[in-house]
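In this note's numbering, the protein residues as written are 302 to 611. All residues carry an ideal CB built from backbone N, CA and C; glycine is no exception. All of these numbers come straight from a predicted model, not from anything done at the bench.
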């Protein structure tokens with residue numbers, strides 16, 4: 302009888318010990334993991350961040366169904382993010398360290414080295430410099446990995462690809478197969494040409510719509526630094542069949558450089574001008590290159606092209 306009782310007690314103790322071991326294992330499970338940033342350095346970040354502050358990349362978070370608790374004033378001015386910004390705290394521009402600290406984030410995503418050095422003292426911080434990702438696909442996939450939303454990224458991109466295919470079909474009978482497109486911008490003193498990855502609709506024209514740049518832009522801008530300052534005299538060398546132009550303004554000051562260019566005989570002799578294929582675009586609508594903005598820009602650009610043929 303004593304032997305039976307002893308065996309029963311041994312069995313009970315074994316069950317209890319297994320249970321305790323399981324609890325200890327669960328308690329010991331790490332809630333963070335090492336993330337390798339684009340610069341090659343690693344940072345320990347939470348597995349499932351709930352309170353995220355960003356100085357960039359709010360568009361990608363929005364596409365993934367995540368609302369950050371704070372974002373910079375500049376990011377919140379993005380017109381395409383208006384439906385998503387309710388409840389997001391404005392942390393200033395540049396971002397206020399004090400304001401971010403008050404929000405008690407569990408993850409911060411920044412685009413500048415100085416921001417990184419300041420914010421990492423508050424919470425785990427990831428540095429992703431501007432222009433790191435070369436496409437909507439690359440950016441959304443990378444941000445999804447950070448926040449554990451890989452499937453959501455795949456779903457969004459699949460939908461985006463369908464929209465891009467429909468957009469290409471809309472302009473198929475309007476834009477000739479060998480036609481070229483270009484992006485241009487004037488500020489108060491200078492005039493620039495932009496490539497495929499400096500906002501201004503570049504990801505729409507060259508990636509989503511798969512249109513071609515003039516050889517000069519391809520060689521010296523897209524395959525170069527991504528943008529190039531040019532003079533009025535060489536503008537014809539960089540001119541495209543379809544030209545999308547933004548006007549950068551400092552406050553309420555009207556852009557003098559672009560006014561002068563548009564009034565010149567060189568401008569008016571451009572084939573795109575004569576064909577009514579120069580489109581002035583709103584800077585705020587064209588500057589950003591996040592997934593939500595690119596999706597909206599695609600509609601704007603396609604409508605401009607289609608309506609120009611009517």
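Report the rounded CA-to-CA distance for residue 461 versus residue 403, giving the unit in angstroms. Within the chain shown, numbered from 1, the residue matching residue 461 stands at position 160. Within the chain shown, numbered from 1, the residue matching residue 403 stands at position 102. When rounded, the distance between both Cα atoms is 36 Å.
Considering only residues of the region 372 to 410, which uninterrupted beta strand (DSSP E) runs meet the minimum length of 3 residues and lie entirely inside it, listed in chain order? none
Alpha helix (DSSP H) runs contained entirely in the region 402 to 474, provided each spans 4 or more residues: 414 to 420, 437 to 448, 451 to 472
Tell me where the beta strand (DSSP E) around residue 529 begins and ends. Along the chain shown, one-based indexing puts residue 529 at 228. 528 to 531 is the span of the beta strand (DSSP E), which, as asked, contains residue 529.
Under 8 Å by Cβ, that's how I've got residue 344 and residue 426 pegged, so tell me the actual separation to the nearest angstrom. In the chain shown, counting from the first residue as 1, residue 344 sits at position 43. In the chain shown, counting from the first residue as 1, residue 426 sits at position 125. Going by Cβ atoms, the distance from residue 344 to residue 426 rounds to 7 Å, so yes, they are a contact pair.
Distance, Cα to Cα, residue 322 vs residue 346? The residue labelled residue 322 in the question sits at position 21 within the chain shown. The residue labelled residue 346 in the question sits at position 45 within the chain shown. Residue placement at residue 322 is flagged as unreliable, the pLDDT there being 47, under the threshold of 50; a coordinate-derived value is accordingly withheld.
Could you tell me the alpha carbon to alpha carbon distance between residue 602 and residue 422, rounded to whole angstroms? The residue labelled residue 602 in the question sits at position 301 within the chain shown. The residue labelled residue 422 in the question sits at position 121 within the chain shown. Roughly 42 Å between the two C-alpha positions.
Reducing DSSP to helix, strand and coil, say where residue 503 ends up. Position 202 of the chain shown, counted from the first residue, corresponds to residue 503. It is helical.
Tell me whether the beta-carbon of residue 535 lies closer than 9 Å to the beta-carbon of residue 528. Start at 1 with the first residue of the chain shown, and residue 535 comes out as number 234. Start at 1 with the first residue of the chain shown, and residue 528 comes out as number 227. In this structure, residue 528 does not lie closer than 9 Å to residue 535 by Cβ.
To the nearest angstrom, report how far apart residue 407 and residue 442 are at their CA atoms. Within the chain shown, numbered from 1, the residue matching residue 407 stands at position 106. Within the chain shown, numbered from 1, the residue matching residue 442 stands at position 141. So the two alpha carbons sit approximately 21 Å from each other.
Given this structure, state the Cα-to-Cα distance separating residue 574 from residue 401, to the nearest angstrom. Taking the first residue of the chain shown as 1, we reach residue 574 at position 273. Taking the first residue of the chain shown as 1, we reach residue 401 at position 100. One C-alpha to the other measures close to 48 Å.
Tell me the DSSP secondary structure of residue 366 in three-state form. Numbered from its first residue, the chain shown carries residue 366 at position 65. Residue 366: coil per DSSP, three-state reduction.
Measure the C-alpha to C-alpha separation of residue 479 and residue 513 and round it to an integer number of angstroms. Walking along the chain shown from the start, residue 479 turns up at place 178. Walking along the chain shown from the start, residue 513 turns up at place 212. Answer to the nearest angstrom: the Cα atoms are 8 Å apart.
Beta-carbon proximity check, residue 449 vs residue 348, cutoff 9 Å: Working through the chain shown from its first residue, we reach residue 449 at position 148. Working through the chain shown from its first residue, we reach residue 348 at position 47. It is a contact, given that the beta carbons lie within the stated cut-off.
Bridge partners of residue 495, per DSSP? Sequence index remark: in the chain shown, residue 495 carries index 194 (1-based). 484, 528.
Endpoints, the beta strand (DSSP E) within which residue 582 is located: Along the chain shown, read from residue 1 onward, the residue named residue 582 stands at position 281. Where residue 582 is concerned, the enclosing beta strand (DSSP E) stretches over 579 to 582.
Distance between beta carbons of residue 432 and residue 498, contact taken as under 8 Å: Taking the chain shown and counting its residues from 1, the one referred to as residue 498 is at position 197. Taking the chain shown and counting its residues from 1, the one referred to as residue 432 is at position 131. Confirmed, Cβ separation roughly 6 Å.
Looking at residue 533 and residue 548, is the spacing between their C-beta atoms short of 9 Å? Mapped onto the chain shown, residue 548 falls at position 247. Mapped onto the chain shown, residue 533 falls at position 232. Note that the C-beta distance between residue 548 and residue 533 is not below 9 Å.
Consult DSSP for residue 513 and reduce its assignment to one of helix, strand or coil. Counted from its first residue, the chain shown places residue 513 at position 212. Strand.
Closest to residue 516 by C-alpha separation, out of 481, 581, 380, would be which residue? Working through the chain shown from its first residue, we reach residue 516 at position 215. It is 481.
Looking only at its chain, what residues have a beta carbon closer than 8 Å to the beta carbon of residue 562, apart from the 5 residues adjacent to it on each side? For the purposes of this step, residue 562 is taken as the residue at position 261 of the chain shown. The residues are 487, 492, 533, 536, 568.
Starting from residue 545, follow its DSSP beta bridges and name the residues at the other end. Residue numbering aside, residue 545 sits at position 244 when the chain shown is read from its first letter. Residue 545 pairs with 484, 580.
Of the listed residues 438, 435, 395, 440, nearest to residue 420 (C-alpha basis): Counting from one through the chain shown, the residue named residue 420 turns up at place 119. Answer by Cα proximity: 395.
Outcome for residue 384 when other beta-carbon atoms lying within 10 angstroms are tallied against a minimum of 16: Numbered from 1 along the chain shown, position 83 holds the residue referred to as residue 384. It is exposed - the Cβ of residue 384 has fewer than 16 other Cβ atoms within 10 Å.
Keeping to the same chain, check which residues put their C-beta closer than 8 Å to that of residue 511; ignore five residues upstream and five downstream. What you label residue 511 is simply residue 210 of the chain shown in a count that begins at 1. If we look at residue 511 and ignore the five residues flanking it on each side, its Cβ neighbours are 469.
According to DSSP, residues forming a beta bridge with residue 347: As a first step, residue 347 must be located in the chain shown, where it is residue number 46. For residue 347, which the question treats as bridged, DSSP gives the partners 333.
Kindly indicate the opening and closing residues of the beta strand (DSSP E) around residue 354. Stepping through the chain shown from its first residue, residue 354 is reached at position 53. Its beta strand (DSSP E) spans residues 353 to 355.
So residue 538 is in the alpha helix (DSSP H); what residue range does that whole segment cover? Locating residue 538 in the chain shown gives position 237, counting from the first residue. Counting along the chain, the alpha helix (DSSP H) containing residue 538 begins and ends at 536 to 539.
Cβ atoms of residue 350 and residue 429: under 9 Å apart, would you say? Locating residue 429 in the chain shown gives position 128, counting from the first residue. Locating residue 350 in the chain shown gives position 49, counting from the first residue. Cβ atoms of residue 429 and residue 350: not closer than 9 Å.
Could you give the distance in angstroms between the alpha-carbon of residue 374 and the alpha-carbon of residue 520? What you label residue 374 is simply residue 73 of the chain shown in a count that begins at 1. What you label residue 520 is simply residue 219 of the chain shown in a count that begins at 1. Rounded to the nearest angstrom, the two C-alpha atoms are 36 Å apart.
Assuming contact is defined by CB atoms lying nearer than 9 Å, are residue 590 and residue 500 in contact in what I supplied? As a working mapping, residue 590 is identified with position 289 in the chain shown. As a working mapping, residue 500 is identified with position 199 in the chain shown. The answer is yes: Cβ separation under 9 Å.
Classify residue 606: buried if its beta carbon has 16 or more other beta carbons within 10 angstroms, exposed otherwise. In the chain shown, residue 606 corresponds to position 305, counting from 1. Buried: at least 16 other Cβ atoms inside 10 Å.
Between which two residues does the alpha helix (DSSP H) harbouring residue 597 extend? In the chain shown, residue 597 corresponds to position 296, counting from 1. Note, residue 597: alpha helix (DSSP H), 592 to 609.
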